[in-house]
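Visitor:
Residue numbers (the working numbering): 2 to 278.
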């Protein structure tokens, strides 16, 4: 498959996520602007592209939704939990001139056993209010990145992020059905010790990954240790305009040599569609 060339500051440190990003870009290139593309069509094309990558279990660990993937168009991007059947890929057709698109997948590396989740919310219309809302969400996340070095642990990062979102007139409304505390900012990226040679995980392996995650929430209190990978993935809504859509962007962070490295691969897509310029 054609490899997407990223800017140096966007280069990933998680190879399975890089493959997920690569296949998403190829899918967008092929389908963007085509008529009568449904959520199911987009999901199937992305899945097929993902299976062409080497050493990857494309049938994701986060299941349901089926195949560990979710594609939502239009106002369906303002979802609660992807585990709910109403939020699985449907026959809904995208209008490329005015709709939003949410894309998520959760592949696993066959060699390392680490997961490679990625998601992004895109908008293809011209509504300045929506575009400014997406930019505001992006700016808020950048401020969260700025305080990573100052946060002593997961609890402190969560509390600080809530203050930042409030200052931007935003609210994180992420819903987790597997976390004891439903509201969180993100979670660690665990990995399996043993990976099956086929392209699917067993139910037990999927549950092991799910239960191995540590969440960044109000009740957590774990340290950011060397080599750890964790997500920053709030689902942000406006607190002053209920008509604006939920924006869900997924970033990955790793602590290395005492510093935090941020995988900003999806910025490449956001810039391409003029959402944060």
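All C-beta atoms, glycine included, are put in the ideal place defined by N, C-alpha and C.
1. Start and end of the beta strand (DSSP E) containing residue 105?
2. So what's residue 190 in DSSP terms, helix, strand or just coil?
3. Using 8 Å as the Cβ pair cut-off and three pairs as the minimum, do the segment 114-125 and the segment 92-105 touch?
4. Give me the DSSP bridge partner(s) of residue 209.
5. Is residue 48 helix, strand or coil by DSSP?
6. For residue 189, is the classification buried or exposed, using 16 other Cβ atoms within 10 angstroms of its Cβ as the cut-off for buried?
7. So residue 170 and residue 239 are in contact, right, with Cβ under 8 Å, and what is the actual spacing, rounded?
8. How many Å lie between residue 98 and residue 126 at the Cα?
9. Less than 7 Å between C-beta atoms, sequence neighbours within five positions excluded: which residues of the same chain meet that for residue 6?
10. Look up residue 227 in the DSSP assignment and say whether it is helix, strand or coil.
11. For residue 21, which residues in the same chain have their Cβ closer than 6 Å to its Cβ, ignoring the five residues on either side in sequence?
12. Compute the Euclidean distance between the alpha carbons of residue 271 and residue 151, then round it to the nearest angstrom.
13. In three-state terms, what does DSSP make of residue 161?
14. First and last residue of the alpha helix (DSSP H) that includes residue 113?
15. For residue 35, is the classification buried or exposed, using 16 other Cβ atoms within 10 angstroms of its Cβ as the cut-off for buried?
16. Within the chosen definition, does the segment 253-263 reach the segment 137-150 through at least 3 CB pairs nearer than 8 Å?
17. By the DSSP assignment, the alpha helix (DSSP H) with residue 94 in it spans what residues?
18. Pull up the CB-CB distance for residue 141 and residue 165, whole angstroms please, since I reckon it's below 8 Å.
19. Between the C-alpha atoms of residue 92 and residue 64, what's the straight-line distance to the nearest angstrom?
20. Whose C-alpha, out of 210, 241, 158, 69, is nearest the C-alpha of residue 220?
21. For residue 23, count the other beta carbons within 10 Å of its own beta carbon; 16 or more makes it buried, fewer makes it exposed. Which is it?
22. Please confirm whether residue 68 and residue 75 have their CB atoms less than 8 Å apart.
23. Could you check which residue in 85, 138, 160, 45 has the C-alpha nearest to that of residue 247?
24. Taking DSSP as the reference, what is the three-state secondary structure of residue 141?
25. Excluding the 5 residues preceding and the 5 following residue 213 in the sequence, name in chain order all residues of the same chain whose CB lies nearer than 7 Å to its CB.
26. Find out if the Cβ-Cβ distance for the pair residue 83, residue 172 is shorter than 8 Å.
27. Throw me the rounded Cβ distance for the residue 111 and residue 56 pair, which I believe falls under 8 Å.
Guide: In short, the structure shows the following:
1. 101-106
2. coil
3. yes
4. Answer by DSSP bridge pairing: none, since residue 209 is not bridged.
5. helix
6. buried
7. 6 Å
8. 5 Å
9. In this prediction, residue 6 has a pLDDT of 49, which is less than 50 and means its spatial position is unreliable; what the coordinates show is noted afterwards. None.
10. coil
11. 106, 108, 117, 119
12. 27 Å
13. helix
14. Element bounds for residue 113: n/a, residue is neither H nor E.
15. exposed
16. yes
17. It is not in any alpha helix (DSSP H) - residue 94 carries neither H nor E in the DSSP assignment.
18. 6 Å
19. 20 Å
20. 158
21. buried
22. no
23. 138
24. helix
25. 191
26. no
27. 5 Å
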